[in-house]
Each structure stands twice: as structure tokens, then as C-alpha cells.
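In my numbering, the protein residues as written are 466 to 787.
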Amino acid sequence: MFAITAARISPDDPVSGLEAGERPEPEPRDGWAVVDVRAASLNHHDLWSLRGVGLDEKSLPRILGSDAAGVDEDGNEVVVHSVIGDLGAGGGDETLDPRRSLLSEVHEGTFAEKLLVPRRNLLPKPPELSFEEAACLPTAWLTAYSMLFGKADLRPGSTILVQGAGGGVAAALIRLAVQAGHRVYATSRSEAKRDRAVQLGAHAAVPTGERLPEKVDAVFDSVGQATWAHSVRSLKPGGAIVTCGATSGDAPSAELTRVFFLQLRVLGSTMGTRAELATLIEMCARTGLRPDIDRVLPLDQAREGFQAMADGDLFGKIVFTL
Numbered sequence: 466m467f468a469i470t471a472a473r474i475s476p477d478d479p480v481s482g483l484e485a486g487e488r489p490e491p492e493p494r495d496g497w498a499v500v501d502v503r504a505a506s507l508n509h510h511d512l513w514s515l516r517g518v519g520l521d522e523k524s525l526p527r528i529l530g531s532d533a534a535g536v537d538e539d540g541n542e543v544v545v546h547s548v549i550g551d552l553g554a555g556g557g558d559e560t561l562d563p564r565r566s567l568l569s570e571v572h573e574g575t576f577a578e579k580l581l582v583p584r585r586n587l588l589p590k591p592p593e594l595s596f597e598e599a600a601c602l603p604t605a606w607l608t609a610y611s612m613l614f615g616k617a618d619l620r621p622g623s624t625i626l627v628q629g630a631g632g633g634v635a636a637a638l639i640r641l642a643v644q645a646g647h648r649v650y651a652t653s654r655s656e657a658k659r660d661r662a663v664q665l666g667a668h669a670a671v672p673t674g675e676r677l678p679e680k681v682d683a684v685f686d687s688v689g690q691a692t693w694a695h696s697v698r699s700l701k702p703g704g705a706i707v708t709c710g711a712t713s714g715d716a717p718s719a720e721l722t723r724v725f726f727l728q729l730r731v732l733g734s735t736m737g738t739r740a741e742l743a744t745l746i747e748m749c750a751r752t753g754l755r756p757d758i759d760r761v762l763p764l765d766q767a768r769e770g771f772q773a774m775a776d777g778d779l780f781g782k783i784v785f786t787l
């Protein structure tokens, strides 16, 4: 079968480690299902894998990709939940299983014609969603959904800040928060991305680091070191920072004096549960909310999508089709 693999690790030039070609088809096993992939979406996780984060040379070649929608062995249209974990080990939450992984870390990923995945990880794809739209949900949109509705503990009408508008998680946060009735501010160094954030429904978008018109109840930050101080200073007393990543580095000043004096909360968030993904899918089907797709490419042109992500030349999701 045709697949996109990480063949080499290169921290400085991750796209150079990509290879496209034939790989063995997955072999059926008890409790697992083979899915014919119709669409798969790209995440920063895939780029970090090529840099050697979560992957090492001994595990290569590895089929990349965490997100997919397709058709199972019984002809059902499905969305793939990409967290492989043990509910019992996580106290009922597979994301808290200490040995959890994402597809493409321990098991082969979704950038292939066929995918082997635990049956529990398959959810019905509603007819209202295309394969391309559904394939955007399991990582970026699920992460945003869990941050917003599972971690932040906000009431409708709250004010929030989304740092680094442009990526898949940030775009999802804006769309979901607006749908929930929050006032949304966004930041970006790019004027074009700030304009796009407003088009998605943000109340206002400002250059990265610029003072906001008002303090906010919560900040959603996946940038890390470059935006941390601004995130802390943008919060109301009692507010929360919810972080799901640190693309600019993970060693900012902790600002502990401000954190304890203003009684701020710092919350980590990684992916989301199967139950949250099911609710997210239902929300999109009922409300008409759809992921923002930057571009759709055939899988054999995946290198173009990886390079666009590496260059920061995107707003929303990049989707590969088969």
C-alpha cells in the first residue's frame, strides 16, 4: 500500500526525512479493525516526529499521521480516535494512562491507504460531515474542545485569549469559543492571520505581545516561551492559562509571584478522550460548525503540506486525500 513515512530524523530539516512509497499492508488482529483511509489531516505532531520528538531512529521507518476518517471492514464510515490508551490505567480517561500513545508513535499512523486501529477507537462519521472535515477533528479540534470545555471551566460570555492564531488548534479554539458565546481575542505576528482570526469570529486580533483592551478569564497558549509572560499579564485575578504545547520553547520565567498573588491557574491539556471526540463530532453535525481547511492535497503530494507547515504558511488544517 502507498504510505508517507518518517525515514530519517532531522531536527534542523525535518521535511527531508519524509519518504513516499510502498509499505506492507496491516495484518488483522483480534480487537483491531482495518480502515480504508479516505482523508487524513496534518498536525505539528507529525513535524515534531520528523525532528525526533517521540520517535527515534530504531523505530524507523514509521508511517506518520494521527488523524483519519475512512471506511471500516463492514462498510461503515468512521472517524478514528488517535489516542491508544488503557481506560483502566487512566482511571476512566485514556489520556491519563501513563503508557498512552498517539498513532504514529508506537503504532503505524494514518498517512496510508489502510490503517490498523483498536475497534474502540472508531466512531461513526455522521453524513453531515465530509471525510475531509471529519479527518480534521481527532487531534487539533479535539485538543481545542478538551481545553475549552473540559479544562477551562468557563461560563458562556467569558473573555478569552488565543495565542498564535493560525494553527489548527488556535483556529479550532476561536471557532468553538465563538460558538459557545465567548468574547475572543487572538494574537499573531502576521497581519493576514490576525485578519483571518477576525473573519472566524474573534472580537479583535492584536500583534503578538500587544496589550489587550481588557483582561481575560482564560488564555489558551500552545506557543510557550515567546508568549508566556504576555499570557500571564493578560489574565484577570483568578484566571487560567491552559497550555497544550510549547512550540517556541518550554523554559519561560514562571512568573510565580504574579501566579500566586493573583491566584492564577495553570492547566496542562493533552488531546482528549473518545467521549469528548464523540461529543465534538455531534456538535459539528448539529450546529453546522466545520473545521477550517487551509488546503486539500492528494497524499502523494504530502511533502508540499509538510513544507507549508514547517514554513508557517497556513491557516487552519492541511488535509490529505486518498
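Glycine is no exception: its CB is placed at the ideal position from the N, C-alpha and C atoms. Predicted model, so just to flag it, every value in this text is computed and none were measured.
Opposing strand residues paired with residue i [DSSP bridges]
| i | result |
| --- | --- |
| Pro763 | Thr786 |
| Phe614 | Phe614 is not bridged to any residue. |
| Glu597 | According to DSSP, which records beta bridges pairwise, Glu597 is partnered with nothing at all. |
| Ile758 | Lys782 |
| Lys790 | The structure shown does not extend to residue 790, since the chain spans only 466 to 787, so no value can be given for it. |
| Ser566 | Ile549 |
| Leu580 | Val500 |
| Arg730 | Ala705 |
| Phe467 | Glu487 |
C-beta atoms of residue i and residue j nearer than 8 Å
| i | j | result |
| --- | --- | --- |
| Gly631 | Ser655 | yes |
| Ser506 | Leu529 | no |
| Asp551 | Asp562 | yes |
| Thr652 | Gln690 | no |
| Ala534 | Arg584 | no |
| Phe596 | Ala468 | no |
| Gly482 | Ala472 | yes |
| Leu520 | Glu598 | no |
| Leu721 | Pro702 | no |
| Ala775 | Pro479 | yes |
| Phe780 | Ala636 | yes |
| Leu588 | Ser531 | no |
| Arg659 | Leu754 | no |
| Thr624 | Asp682 | yes |
| Pro678 | Gly646 | no |
| Lys782 | Gly574 | no |
Residue i in three-state terms, based on DSSP
| i | result |
| --- | --- |
| Ser506 | strand |
| Val500 | strand |
| Val789 | Nothing about residue 789 can be reported from this structure: the residues present for the chain run from 466 to 787 only. |
| Gly703 | strand |
| Ile474 | coil |
| Arg747 | The amino acid occupying residue 747 in the given sequence is Glu; Arg does not appear at that position. Correct three-state label for Glu747: helix. |
| Val536 | strand |
| Leu483 | strand |
| Val571 | coil |
| Val543 | strand |
| Pro603 | helix |
| Thr738 | coil |
| Val697 | helix |
| Thr652 | strand |
Environment of residue i [buried if 16+ CB atoms lie within 10 Å]
| i | result |
| --- | --- |
| Asn586 | buried |
| Phe725 | exposed |
| Asn508 | buried |
| Lys590 | buried |
| Glu741 | buried |
| Val523 | The sequence shown places Lys at residue 523, rather than the Val named in the question. Burial call: exposed. |
| Gly556 | exposed |
| Pro476 | exposed |
| Glu718 | The sequence shown places Ser at residue 718, not Glu. By the 10 Å Cβ count, Ser718 comes out exposed. |
| Ala657 | exposed |
query = Are there three or more Cβ pairs, one per stretch, closer than 8 Å when the stretch 726 to 742 is compared with the stretch 695 to 710?
reply = yes
task = Flag this pair as touching only if the stretch 760 to 774 and the stretch 486 to 498 have three or more C-beta atom pairs under 8 Å; answer yes or no.
result = no
ask   = Three or more C-beta pairs closer than 8 Å, one from the stretch 596 to 611 and one from the stretch 537 to 551: is that the case here?
value = yes
inquiry  = Pairs of beta-carbons, one from the stretch 750 to 761 and one from the stretch 570 to 580, closer than 8 Å: are there three or more?
reply    = no
inquiry  = Between the stretch 655 to 668 and the stretch 681 to 696, can you find at least three pairs of beta-carbon atoms closer than 8 Å?
reply    = no
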